[in-house]
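So the structure is just underneath, and the comments pick up after that.
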Amino acid sequence: MLRLFAALPLPASATDRLEALRKGLPGRRPDASDMHLTLAFFGEIDEAQAADLHAALGAVSAPGFAFWLDGAGAFGGAKPRAIYAAVRPEPALTHLHEKVTQAARSAGLRIDARRFVPHVTLARMKPGEMTSAEAAKALGARAAFLAGPVAAEAFCLYRSDLGRRGPRYEELARYPLRT
Ligand code: 3AM
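Here it is, written out as structure tokens:
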């Protein structure tokens, strides 16, 4: 079984800024080269489904675009579990997310219909590692963060391996966006 997701890779110009932004945060921090903007999470699927998914993603036709990283947010509410760089609303990004989830459904995958919250995870915390007051302070200190325009020229299919030292990501395929 393969644990797969689709995401936009980030150029070094963006990850450099994100590395500076996450200084001082607790928890586990992905390597800069692993930072990404998740478009859809596909869960654990078998190789045949993965081949169908790859074919469907390869048929996605969506325009390239640029987006801005703007401020910071947290997942987990009263029990913060991740701090992320937020993404300024960008219709072309929402469109790409919809195309990718449609492609996955056409390949027979069940994708949950959670609201898409575009983000780049900066740090993941274990329960109790950060209080909500500490998270609020961390977000306040990062509210003025702005980086961009970040070019989205392709999206990727990644494999995630959940190891003891945190997830490791491997790029399996890259799908260009229209120029
Ligand atoms: O790296 P980020 O935070 O953008 O949070 C997981 C990670 O996103 C997310 O998929 C990415 C690769 O693991 N993820 C994990 N389980 C998920 C689920 N059940 C999930 N997203 C949605 N539903």
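Just so we're aligned, residue 1 is where the sequence shown starts under full-length UniProt numbering, counting upward by one.
No residue lacks a Cβ here, since even glycine has one placed at the ideal position from N, Cα and C.
Please classify residue i as buried or exposed, where buried requires at least 16 other C-beta atoms within 10 Å of its C-beta.
i           : result
R124        : buried
M35         : buried
A82         : buried
V117        : exposed
K126        : exposed
L146        : exposed
residue 198 : Residue 198 is absent from the structure shown; the chain starts at 1 and stops at 179.
Within 7 Å: the Cβ of residue i and any heavy atom of the ligand 3AM?
i    : result
T167 : Looking at the sequence provided, one finds Pro at residue 167 rather than Thr. Checking every heavy atom of the ligand 3AM against the Cβ of P167, one is found closer than 7 Å.
T38  : yes
H119 : yes
F67  : no
D161 : no
F5   : yes
Locate the alpha helix (DSSP H) running through residue i, then write down its first and last residues.
i    : result
T179 : Element bounds for T179: n/a, residue is neither H nor E.
V100 : 91-106
S61  : Run containing S61: none; DSSP gives neither H nor E here.
E134 : 132-141
Which partner residues does residue i have in the DSSP bridge list?
i    : result
D70  : L146
F155 : Y175
H36  : P9
F75  : A82
First and last residue of the beta strand (DSSP E) that includes residue i?
i    : result
R3   : 2-9
L53  : From DSSP, L53 is part of no beta strand (DSSP E) but of the alpha helix (DSSP H) over 47-58.
A86  : 82-87
L122 : 119-124
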